[in-house]
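Notes for the one structure printed next.
2 protein chains.
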Amino acid sequence: MDIQLKRGILDVCVLAAIKKEDSYGYKIIKDMKPYIELSESTLYTILKRLEVANMLIVRNVEHGGRLRKYYHITGEGLKRIEDFKEEWKEMMSIYQYVTREDDANE
Amino acid sequence: MDIQLKRGILDVCVLAAIKKEDSYGYKIIKDMKPYIELSESTLYTILKRLEVANMLIVRNVEHGGRLRKYYHITGEGLKRIEDFKEEWKEMMSIYQYVTREDDANE
DNA sequence: GTGTAATACATCGTAACACGAGGTATCGTT
DNA sequence: AACGATACCTCGTGTTACGATGTATTACAC
Numbered sequence: 110m111d112i113q114l115k116r117g118i119l120d121v122c123v124l125a126a127i128k129k130e131d132s133y134g135y136k137i138i139k140d141m142k143p144y145i146e147l148s149e150s151t152l153y154t155i156l157k158r159l160e161v162a163n164m165l166i167v168r169n170v171e172h173g174g175r176l177r178k179y180y181h182i183t184g185e186g187l188k189r190i191e192d193f194k195e196e197w198k199e200m201m202s203i204y205q206y207v208t209r210e211d212d213a214n215e
Numbered sequence: 110m111d112i113q114l115k116r117g118i119l120d121v122c123v124l125a126a127i128k129k130e131d132s133y134g135y136k137i138i139k140d141m142k143p144y145i146e147l148s149e150s151t152l153y154t155i156l157k158r159l160e161v162a163n164m165l166i167v168r169n170v171e172h173g174g175r176l177r178k179y180y181h182i183t184g185e186g187l188k189r190i191e192d193f194k195e196e197w198k199e200m201m202s203i204y205q206y207v208t209r210e211d212d213a214n215e
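For the protein sequence lines, the chains are P and C, in the order given. Here the first sequence is numbered in my numbering, starting from 110 and rising by one per residue. Here the second sequence is numbered in my numbering, starting from 110 and rising by one per residue.
Okay, here's the thing in structure tokens:
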């Protein structure tokens, strides 16, 4: 899938992945894989970005000797998803423009 | 509208704008305006990119003392639009993932 | 006749961002 | 002991949208 097309949706995707219940990096990638693939470097960049934007908060958890950082969505994060739904309506109208057929005979 | 979200669709939008009939820069911006806004610098960058990718060809036309560059879509350009439709299906499934409600009571 | 807006093109620098390459460390299985 | 899976992170690079800026002509108002 085209990288550019993914750009606008990746952030929201990650938020959606932690919406139901808190999750951590490695698991987020696995959960999202059937829908959209992203590399670890990309994910951690996004998580950092979302944290700075107060859309999620981080909690460190010791798990089997390894560190796990659990991410929890905030109200702003939930709002971001809602805003995205509105933006998507615009995207749909643009899609209509792109795929419109000007004449009946086509 | 979020810049990132526009990224994947701008190229295809420009192709769609010249699909029906050849057009030139200034007119493309005006035609697209109701659907999606983009600056001149962005458009000319995109047109150059699409030309290099053989998705359109350019024709210089003298018009009222001013130069006009008419852009004509190629077979590859049309194919790009068709490919986009397929990519859009993927985008729709991602959208479903983002907006899914996990429980009935919400 | 002089300013101003519209038309029409173009370039340059910047900031955002996705990703590959690479790094560190632990645990379980072979 | 070796290796894959788990789990985190950083750095450099290429793509890209945009604002700022520049050039030049036409048309119209004052």
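Using N, Cα and C, we set each Cβ at its ideal position, and we do this for glycine too.
Straight across, the Cα-Cα distance linking residue 128 of chain P with residue 137 of chain P is about 11 Å. Taking the beta carbon of residue 160 of chain P as reference, no residue of chain C falls within 8 Å; the closest one sits roughly 18 Å away. Only residues of its own chain outside the window of five on either side were considered, and among them 120 have a CB closer than 8 Å to the CB of residue 158 of chain P, listed in chain order.
Taken through DSSP and simplified to helix, strand or coil, residue 182 of chain P comes out as strand.
Pairing residue 166 of chain P with residue 110 of chain P, the inter-Cα distance amounts to about 30 Å. Measuring C-alpha to C-alpha distances from residue 122 of chain P to each of P:194, P:203 and P:199 identifies P:194 as the nearest.
Around the beta carbon of residue 139 of chain C, fewer than 16 other beta carbons sit within 10 angstroms, so the residue counts as exposed.
Counted as a single uninterrupted DSSP element, the alpha helix (DSSP H) harbouring residue 138 of chain P occupies residues 134-141. Interface with chain C (8 Å Cβ-Cβ cutoff): residue 200 of chain P is included. At least one CB of chain C lies nearer than 8 Å to the CB of residue 206 of chain P.
Under the DSSP assignment, residue 159 of chain P falls in the alpha helix (DSSP H) whose first and last residues are 149-161. Taking CB atoms only, residue 156 of chain P has no neighbour in chain C less than 8 Å away. Flagged as an interface residue toward chain C: residue 144 of chain P, by a C-beta distance shorter than 8 Å. Each residue's CA atom was taken as its position, placing residue 190 of chain C and residue 169 of chain C some 25 Å apart. For residue 182 of chain P, the closest Cβ of chain C is not nearer than 8 Å. In the structure shown, residue 116 of chain P falls within a helical segment according to DSSP collapsed to helix, strand and coil. When C-alpha distances from residue 178 of chain C are compared across C:116, C:131 and C:114, the shortest belongs to C:131.
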